[in-house]
Structures are given as structure tokens and as C-alpha cells.
Amino acid sequence: MLTLGPLGLTAPWLLLGLAALPILWLILRAVPPAPIRRRFPGVALLLGLRDEDSQSDRTPWWLLLLRMLAVALVILAFAGPILNPRADAGGTGPVLIVADGSWADARDWTSRRERIATLLDEAAADGRPAAVAILTEPPSGPPVFTDARAAQQTLAGLEPAPWAPGDAATAWAEALEGDFDTIWLSDGLERDSREALLAAFEDHGAVRVFQSPRTTFGLRPALHEEGTVDLPVIRTPVGPEAQVTVAALGLDPAGIERQLETAAADFAPGEPVANAAFDLPPELRNRVTRFEIVGQRSAGAVTLADDSLRRREIALIDGGSDREGLELLSPLYYLREALAPTADLIEGPLTDILPANPDAIILADVAQLADGEAQAVREWVEGGGLLVRFAGPRLASSDVGREAEDPLMPVRLRAGGRSVGGAMSWGEPKTLAPFPEESPFFGLPIPDDVEVTAQVMAQPDPTLAARVIAQLTDGTPLVTREAAGEGQIVLFHVTANAEWSTLPLSGLFVQMLERLAISTRGARPSAEDLEGTVWTPEELLDAYGRLFDADTMPGIDGALLAEPEPGPDLPPGLYAGEERRIAVNVLGPEATLGPASWPARIAVEGLAVVRELPLKGWLLVGAAALLMLDVLASLALSGRLRGPRAAGGAAVVLLALMLAPAGPARAQGEAPAAPDSETASADLDAFAIEATSNVVLAHVLTGDPEVDATAEAGLRGLGRVLYARTSIEPAEPMGIDLERDELAFFPFLYWPVTADQPIPSREAYQRLNRYLRGGGMILFDTRDADLGGFGSSTPEGRHLQALARPLDIPPIEPLPEDHVLTRTFYLLQAFPGRFNSRDIWVESAPADAALAEGMPFRELNDGVTPVVIGGNDWAAAWAVDESGQWLFPVGRGMAGERQREMAYRFGVNLIMHVLTGNYKSDQVHVPALLERLGQ
Amino acid sequence: MSDPLALRAGAETLAAPLPPLLAEAEHLAAAVLLGEHGRRRAGLGDTFWQYRPAMDHDETRAIDWRRSARSDTTFVQDKEWQIAQSVMVWADGAASMDFASRKDLPTKATRARTLALAAAILMSRAGERVGLAWPELAPRRGEAQVARMAALLAEAGEGEYGVPETRSAPAHSRALFLSDFLGPPEPVEEALGRAADREVRGALVMVLDPAEEAFPFDGRTIFESMGGTIRHETLKAGDLRGRYLERLAERKDRMTVLGRVTGWQVLVHHTDQSAASALLWIYNALERRR
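Residue numbers (this note's numbering), protein chains in the order written: chain B, 111 to 1045; chain W, 2 to 291.
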């Protein structure tokens, strides 16, 4: 390929053809245009006439130039010019395409995959075998170089992993053999393994690197400080000022995951770290399951919140406030001090606390709870609560758990308790015995200065030994525990203040509370703690930052969690242990991001594929256009554009020239001008005035021109009959577009139903319902009474059902004999149109309509039926043309005329009913009125 | 021996233009309101001319007794003199006439035939005897003659350019020649001269196509005559226009002069003009000097 700047030529030798152009020029100049043969009777007059200028037959220079240009364009086109040709990497051996496939790749994985596809295309074009590998999940063996097209098939299965390429990748790369060129799609992040990998690849052949310059954001795990949750956001490369939004996601009270809160992190220019601070109420904070950078689709932009974020809610209740003022002696003082840094404390009456469902309730020297409270607390414990009780003088003096086991005490107590080492007692103050192995406190160092001077004593019992989790050196229980349902009850046999022991003064106290998971630790469990434990993944992250259930994954060794390094054997996610959950995040608290740096010898290309633009087609089009011009010019020159027989050919050429640009030009030309609001409102006004200056019968435009014309003609005919016979003098009927026109002006709408008319929009239905509620009437006419009865499955009937479904139509019934429609003007019992069906439906009468004394009809006083539904095709029976001629035949002979007359009478009755309402029904009251008038 | 079927087909093809031609000609003739053009003097005829006192040479049976009874003298009914002229029609059917520059124009031959036939119908109605100069058809009267003329007119002529045939024209008769007269003028002049010698007067209608007047050609062109026998090649047709038009005007002049010399009326008619006006002109031209 010959490359000239951004232009490449696939067949540059063809350009030699350009040298032939001058020869062509000479030939073309020498050959005059072909003559036209014309039959012409006047030729006899021409005989003997000679041309004055024998040179004029030569093709004019500009036409020659045109043709030369066209030929040159064709030659150029076939020389295969390509704009932005792919740089030819050269080389012939196999190609190994590796991608980092880390979380940072996830955001634009599609374009990476496309890039790989393009690279494979190139390899296929060069006939080089290729293999594709992802460094985060290197193949188990050496790459299999296959035909590049076959390798294309595997592309769809390539997915990034939510971790960075690790040792496995390096080991894999170093084990490679053979010669091949490597194309490396880098994710652009600096990491230690790069150098080794690069060296390994370079051992086998040339290495090209593709890397897109872009900013990668990462989210470090949440830090909990002083009531706020801080989310450090890191970025690379360090650029100018930037802002990212971090969202906290969690379950709302309904259990639906949603964005609970967002906070912005503002990067100062040149600053790699920014902080997003969340100030969340504890309730909300405990709901947070993860944080993520909004709009970043990668696992690095997500950090999962585990128990370390969660602050436990602990309720503190003491026995009474009789020792006001002695703060240091308060049973709750040391508890507050120990718990406040790591937990949220609630204090208050038990009845207020229980609904908040705290994680733990600490009863400090509370002996007896009210009966209902005790029950509620027990239920709360069994539901998973942790009840911690501290002994004290009150408990010691009470009868709680003396005779029988109290439901809220882990053990039975002996009366009185004991005190040792005091002034009035024997012996020394007791110290703590080392914690037994099964105790949750196992391993905690026991300070020497912890002494117990008084305690409540547990009643010896067969089950006691199992419940003791801490004891004094003399074997008396210090802390006992009993599981109750999901929860547990723990009793410290000493007070929570320093009265009975020095335990609350020591650090051991805090550690014990932590071990009891009353409070949470700020730090992860230590490596020793994690040794030998098994943690099961609950939810795992994929590279795109999406969580998925990990039910099927095996548990992992706790040792891995000590210093979590996400990898194939420890995918990032949430791992659940015995009592707590640990999140493994893609980025650790110390994580930094840096741009990958490559040695100067490695050419780094952008990821964006600069599209090769083959110019051949365009050049050929240009040549064709020039030739077209040439046709026109030749025609003009040879006189065929003018004179006889010219029109046809020239018109075709002109048409061909015009066609292409004609499309868009017309589209632009006909683009509807923005409606001028003034004219629009003027139109609306005109419409309103026209509709309201007279009684106007209206029909719904169905879109079927024939039906609409019939409806209009029908209403015109009915209007003329009304004009002639009644005091109603309607104006010319109007067609109503439901989508556009205001309905409120019309007392009556005739709606012919066609099987294919469009369902009105929601707004139109709103207007229709408002219209019906506001006293309008719609006459639905399915015009199919000749085919089937009402509700039969004619297409119109079915469509009517669809049309009327969103309408606010009351219950309907077949038109009863005493309906007011039968007597509003004419006394009628049949309501024919072109067809004579009795199936006319109107709003049903109220159930309590009673037959009035001496009246042939019931008291049906209220309401004009909002709909009349039938299929008699009334409009066709009413229809007259402008000159008053009937448009449609009705029936046969005189019977038909009678039927048409009846149709008109129905129309008159209907409009009367619309306009006068139930007034005719009021006749039922005439006797009562007369009576009242004393007649 | 010709195949009867082929003969029949040929005959029908030949006859096909007849009814339209006849109908068109009738239609055209109907446009001219015909009066009965008598000789305006007493003579042999059917229609009443005048009463005159009976002379001695009048036979007794010629006396109009009804008129004579009203007075003392006897009267004789004179009839208007009606004498039939012979009109010889020639519509050029040569190849050069078969030309129409546009699809919506009739060919010159069609126009010439239509005019010829329409004129024949008019003459026939006026009581003249009508005949064809070529193909030869002796002048007669009546509708049947018109039908015969129509049949004969549909025949195509021979040669590139037509030459009028005047031998069959009776002396003192009238003649109507329709052609484009684009061919060599000498035969025409000779024929007309001979006709003039025999006191044959008439009208020449030069039927031309608008393209022949405008010469709307350009570029390198080979002009061929309709029969294809004559051809002329030019490299720039546009340049020839002026000289062609000169020659055409010259030809027209020549025809006019010829008409003046021989006492014939000459009309230049274009096929895009109204045929009716041409017919009227023909009618008047033939009426003249009667």
C-alpha cells in the first residue's frame, strides 16, 4: 500500500493510467461527436450548402476537461484510495491479542471487543493465525493460534473480571513458547505485573499496545468518622477539576433497593483523591449496602458496605434515676463510654425503644420488667435480639429467677449474692479465670487489676456449666449466656459500674462487649481470628459493578480475607461468616490509581478505531456525476437538448440528476413551520365561535372519508328536519377531531364506529370523559344492525368495545318502553335508521324507579343518558346532500319512506332529549302539581 | 399468386385510415356553411330564378299557368342556370409528405389528404364534379365519388417528391393541388404551365411542417430525405439555418410567382395551423372567378 499523508492507495500502479490521459485527450479532440441522423423532407433545400467552419466539429475544451476528469476519477477510484488507512503492522507470524480484562476495562468493554474484532479482521486479511487471551483469566494452557476468523467466534464470550491481572497472568505469559506478535489492549492502569508481562511478550515478537486515554475513577471503602461516612474517590490520570457523584444504595423500608443518598466528590485540580462525605442518619446508614460512583460502570467504582459501616443500635436502660448527680456511679456511665464510639445509643422507656428494634438492649440492674414489657422483650430476643443484663443491688435483692428460670435471665440466681474481699468479709477480691476455649471471649488477655468484690450467684444447675462464658478464679460464673430463639440473653453477674468490680474500668470490658458483638470493631478481624474459618460468599460483584447472588459458590478460607486481594479465588463481594459479614472490595483503603507507563520503544495506539474510509465508491460516484454532466453537455452541443426528440432524453437525465438531492430538499422544504401561536389561538377562537353561536350537531371524525361524509350528510339531514319541525334550529354540522377539538361546545356527538378507526389518545379520553360527565351525549352507531345484533362480534362491535373501555359509561340496558326517548317529541317505539334493529342501549334506569300511579311510565327523573348505543346506521338514513336529496335508499317503497320518517323522528326525539333533558319525564308530576295548585 | 389472407390484411390496413379520413373531412367540411351557389342568372337548373313574359320561342308547356292566370300576359318560369364544374384534386402522397416533427402534429400527407377530401366534399355538395388527378379518377358528382376519392387518397404516392399530374384535368376545369413543393420546382412549373395552357385554374396549397419553417437543428447531423435516397451531412446544423430559411423563402416566392403567372392561387399552410381556415381559403379560391 502506498501512503500519502492520510491517504493510502491499495493499487498505486493503476495511477500509471493517468499517464494515458493526454493520449485520450488527443484522441477525443480528433474525433468529432457522432452525427445524428435526422429524417427531414427539407433536405432537398439543403443540397449544396457547405459548412462554413470545418473546425467546429471538435469537442470543446471544457467538455474534454470534464471527460478527462471523469476518467481520472475512475482511474483514481480503481487505484483503491483509502482515507485513514490502517497502519500496516507488518509481520507474518501468529498474533496474540491480549486484553487486561480488568474492572477498569468494563466501562468500555464493548469498544474493546470491537477493537479486538478489528484486529482479528486485520489478521484475517493478512492471513495470520490469531489467538485472544484475557489476562485476568489467562487460559489454562498456551494460546491456540487459529484462523483469525475462527477466533472471532470466541469474542462474544470474553468478559472482563472484577480484579486486576495478577501472578497467574505473569506465570502464563512467561510459560509461552514460540514466535508471535503481541497486541496488548491495556486498561491504562499502572500495576507491577506490567513490566514482567511486557518482557515476557517481547521475548516472542513485537508488541503493540492499545490504550485509550481516559479518566478512571475508583472508590475506596467507606470510612466511618465522627458520624459521617467518607468515601474517598481516586482517579487517574490526575487532571483538572472534576466532580463525581457517589450514591449510597440500599434497601428502602419496603425492601426495594434504591438510591438512598448521593454526595458529590470534588477533585481539586491536580489532586488524585477526593472525598464524598455522607451525613446519614443511623437508620439510613444501616440500610446502605453499597456505594457507587454514579455513571461509572465498573467494579472499581463500587464499594460494598459490610458490618464495619454498620453501627449497632444499642438501647441502654437502667433501673432508676434515684442517684441523681452521681454521674460516675451511674450504672450506664461506663457502658456509654465503652459503646459510644462504635455504636448508636438509644435511651428511654422500653416501650419506646422496642419499636425501634435495636440490635441490643442493655438492662443495667433492672430487676423486674412490667408484665407486657417482659413478654415483648422476650419476643424481641427470640427474633434475634441480644439482651445484656448487668447485676446490681436491685437485681440482687429481687426475686427474679430465684425459684424458676426467668425468661429474661440466662440462669437462676441465688438470693443475696455475695461479696468478697470487702471490709466486712473474708477473703481477697476475686480475679478472672482464663476464658475457656468455647467462650466467645477466648483469647482475650486478662489484665491483672480486674477484681471482683461482689457478684450475684448463679444457682448450681446441670445446665449452668454450659452457659458460663466467663468465670472467676474460684469457678463462680461471672458472665452467663443463654440462647433464646434467634437471639441470646447474657448476664454479667456484676454491676455495670465500678461498684462491684473493676471490670468496667478495664479495657477488657470493651473487648468483651465487642466479642459479644454488642459493639462493632473498627478494624477487620485479625489474621489469627480468620485462620481456619470458612466464609461463604453472599453476593459477588462482576466487572461491571453489578451484584449477583453467589449461592452456588463454595465457601472460602478465612485466611484469604485477612489481607483481601481480589482475584479469581477471591472475587470481590460480600462474605458472611459466623457473626459478621466482610466485604471484599476491588480497591482497598490504600488503593491508588496511576496511569500505565510504557517504555519508549513500545508504540501506544489509541483504542478508538479510526475508520478506514475507502474512497473508491465516492470517486466512482463523482465520475458518474461528471459523466452525467457530460451527457447533458454532449446533448446540448449536438442539439439534442433542443429541437425535436430532445425532450425525452434530456428529461430523463435531468430527472436522474435531480432525484438524489430532491429527497432531502423536499423534506426540508415541507418541514412544518412551527405553528404560530397567535394564528393557532385565532383558529381556536374561530372554532369556538362557530361551534357556540348556534346549536351544532357534531360527529366524530373516524378517518374513513366515506363514513365521515355520511355522518355529516346525516346530521345535515337531521338538522333540516329539526329546523322544519321543531324550534331547534341547528347550524351546519361539524366534524370533530377527538385529539384536537374541544368537545364542550357540542350537546351531541354522533360517533360512527368503524372497525379500523384509531383508538383515541389518553388526553382525548380525558376530554371525552369530562364531556360525558358534563352532560354531553354520544350516539355510538356501529352501523351493522343488518349483520348482527348488539354485542355480536362484528368488527365494529368489537372495536366499539375497545373504544368504549376507557370511557366513563354508566351501566346500560336495552332502551325500555317507557324511556323518555320514546316521547320527547314524537311517541315512538321503534328507532330505525337504515336498519331496523331494536337493540338500542341507554343508561339503565335506577333500580328503584317506580311506576307512578296512573302514569304509563316510571318515574325516571334524573339524568340524560350519556350514551346511546346502536347499530342502525342512522346517519345514512338521515343523510341528504346539499340540495336536500336523500343519499341512501332506506327499505323498499312506501315502507322504506315510512322507515326513513321514523328514523328522522328518532333523531328529533334524540336531539330533544339531549337539549331538554328529562323534562318530558316531569309530566309524571303533573297530577301532583295540579293537586297542589288546588285544581 | 398472392395469399388471400395477406391480401385481405393488406386491404384492411389500407382501408383503415379511410373512415377516419372521411369522417375528419366531413367534419371539416361541415364547418363551412354552404349556401347554394347558383350562377346568378337564368339558365338550366332546378331552382326557380324568375318569371318572365313568355317569348315566342318558349314552348307552350313552359308557360307557368298559375302565374299567367293572374294577369293578361303569359309568364314563363326561368330556372337559375346551374352548371357543374369539374374540380381535379391532387394531394401529394410522396414520401416527403409523410413527415411530422412532433407527435401531436399530423403528417403533412394527412393534412393534405384531409384538406383535399374536405374540399371535395364541399365541391360535391355544391354540385360540382370532383375527380382526382392522381391516382386518376374521372370527375363525377355524388357521395359515392367522395367515398371513392377517400379510398384512392389513402394510397401512398411514389418517389421522394411528388409532381402534380394535370393531363387528366379537363380543359377549363378547376384544380386543387396540395403538396409541400419542396422537390425540384421545374416539374411543377412545367405541369402548371401545361395546365394553364388548357385554361385550368385552381389553387396550390403548400403544406409545410413547422420544423421545416424553423429548422431547429444543431450539431453534427446527417439529414436524410423521408425515402432515404437523398442525404446531406453537416457538421454544424445550426450554421445552415439561415441559408436554409433563405432557400425556403425563395421556394415560396417561386411558387407565388408561378401562381401569379399561371393564375393560380397559392397558400402556404402549416400543419400546426387550423385546417378549417385552410379549407375556407381553398373554398374561396375555387369559388373565385366564377
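The beta-carbon is built from N, C-alpha and C at its ideal position, and this holds for glycine as well.
Check                                                                                                                                                                                              : Outcome
Would you check if the stretch 233 to 248 of chain W and the stretch 156 to 168 of chain W touch, i.e. whether three or more CB-CB distances between them fall below 8 Å?                          : no
Find the residues of chain W that neighbour P58 (chain B), judging by a C-beta separation of less than 7 Å, and give them in chain order.                                                          : In this structure chain B extends from 111 to 1045, so residue 58 (chain B) is not present and cannot be described.
Suppose you measure from the CA of R304 (chain B) to the CA of L725 (chain B); what does that come to, to the nearest Å?                                                                           : 40 Å
Within the continuous alpha helix (DSSP H) that includes W282 (chain W), where are the two ends?                                                                                                   : A276 to E288
Give me the DSSP bridge partner(s) of K109 (chain W).                                                                                                                                              : Its beta-bridge partners do not exist; DSSP assigns none.
Mind pulling the chain W residues with CB within less than 9 Å of D740 (chain B)?                                                                                                                  : Ordered by position in chain W, no residue passes the 9 Å Cβ test against D740 (chain B), which lies about 15 Å from the chain.
Is it the case that the stretch 242 to 262 of chain W contacts the stretch 167 to 177 of chain B, given that we only count it when at least three CB pairs across the two stretches are under 8 Å? : no
What is the rounded straight-line gap between the Cα of E288 (chain W) and the Cα of R53 (chain W)?                                                                                                : 29 Å
Under 7 Å, CB to CB, which of the residues in the stretch 197 to 227 of chain W have a partner in chain B?                                                                                         : A212, E213, P217, F218, D219, G220, R221, T222, I223, F224, E225, S226 and M227
Buried or exposed for F658 (chain B), going by 16 or more other Cβ atoms inside 10 Å?                                                                                                              : exposed
From the beta carbon of I146 (chain B), is the nearest beta carbon of chain W less than 8 Å away?                                                                                                  : yes
Which bits of chain B does S97 (chain W) rub up against, with CB to CB less than 7 Å?                                                                                                              : P151
Kindly list, in the order they appear in chain C, the residues whose Cβ is closer than 7 Å to that of T111 (chain W).                                                                              : Here chain C cannot be found, since the structure's protein chains are B and W.
Taking DSSP's pairing of strands, which residues face G980 (chain B) in a bridge?                                                                                                                  : B:D891
Roughly how many angstroms lie between the CA atoms of A912 (chain B) and E906 (chain B), to the nearest whole one?                                                                                : 10 Å
Apart from the five residues just before and just after A637 (chain B), which ones in its own chain have a Cβ nearer than 6 Å to its Cβ?                                                           : A672
With 8 Å as the limit, tell me which residues of the stretch 235 to 252 of chain W have their beta carbon closer than that to any beta carbon of chain B; keep them in chain order.                : T235, L236, K237, A238, G239, D240, L241, R244, Y245, R248, L249 and R252
R232 (chain W) versus chain B: which residues are under 9 Å apart at the beta carbon?                                                                                                              : R147 and V153
If you drop the 5 nearest sequence neighbours on each side, which residues of the same chain put their C-beta closer than 8 Å to that of D376 (chain B)?                                           : E351, A352, Q353 and A384
Could you tell me which of B:V339, B:A453, B:T355 and B:V348 sits nearest to V398 (chain B), measuring between CA atoms?                                                                           : B:V339
Quick check on L445 (chain B): buried or exposed, where buried means 16 or more other Cβ atoms within 10 Å of its Cβ?                                                                              : buried
On the criterion of 16 or more Cβ atoms from any shown chain inside 10 Å, does F49 (chain W) qualify as buried, or is it exposed?                                                                  : exposed
Does any residue of chain B have a CB that is nearer than 8 Å to the CB of F182 (chain W)?                                                                                                         : no
What are the residues that DSSP puts in a beta bridge with V317 (chain B)?                                                                                                                         : B:T292
At what residues does the alpha helix (DSSP H) containing S87 (chain W) begin and finish?                                                                                                          : Where S87 (chain W) is concerned, there is no enclosing alpha helix (DSSP H), although the beta strand (DSSP E) it sits in stretches over S87 to A92.
Taking the straight line between their C-alpha atoms, what separation do you get for V181 (chain B) and G220 (chain W)?                                                                            : 24 Å
Under the assumption that L832 (chain B) contacts P840 (chain B) (Cβ atoms under 8 Å), give the Cβ distance between them as a whole number of angstroms.                                           : 6 Å
Kindly list, in the order they appear in chain B, the residues whose Cβ is closer than 8 Å to that of F100 (chain W).                                                                              : R149, F150 and P151
In chain order, what residues of the same chain have a beta carbon less than 6 Å from the beta carbon of G779 (chain B), not counting five sequence neighbours either side?                        : Model confidence at G779 (chain B) stands at a pLDDT of 38, short of 50, so the residue's coordinates are unreliable; what they give is reported in the following sentence. Excluding sequence neighbours, G779 (chain B) sits near nothing in its chain.
Taking L157 (chain B) as the query, report the chain W residues whose CB atoms sit under 9 Å from its CB, ordered along the chain.                                                                 : I231 and H233
Any beta-carbon of chain W closer than 8 Å to the one on L794 (chain B)?                                                                                                                           : no
Within 8 Å (strictly less), CB to CB, does L35 (chain W) reach chain B?                                                                                                                            : Confidence at L35 (chain W) is low in this model, with a pLDDT of 48, below 50, so the placement of that residue is unreliable and no value is reported for it.
DSSP has D79 (chain W) in a bridge; who is on the other side?                                                                                                                                      : W:Q51
Enumerate in chain order the residues of its own chain whose CB-to-CB distance from W213 (chain B) is below 6 Å, with the five nearest sequence positions on each side excluded.                   : P272, S408, A409, G410, A653 and V696
Under DSSP, the alpha helix (DSSP H) around T257 (chain W) begins and ends at which residues?                                                                                                      : A238 to T263
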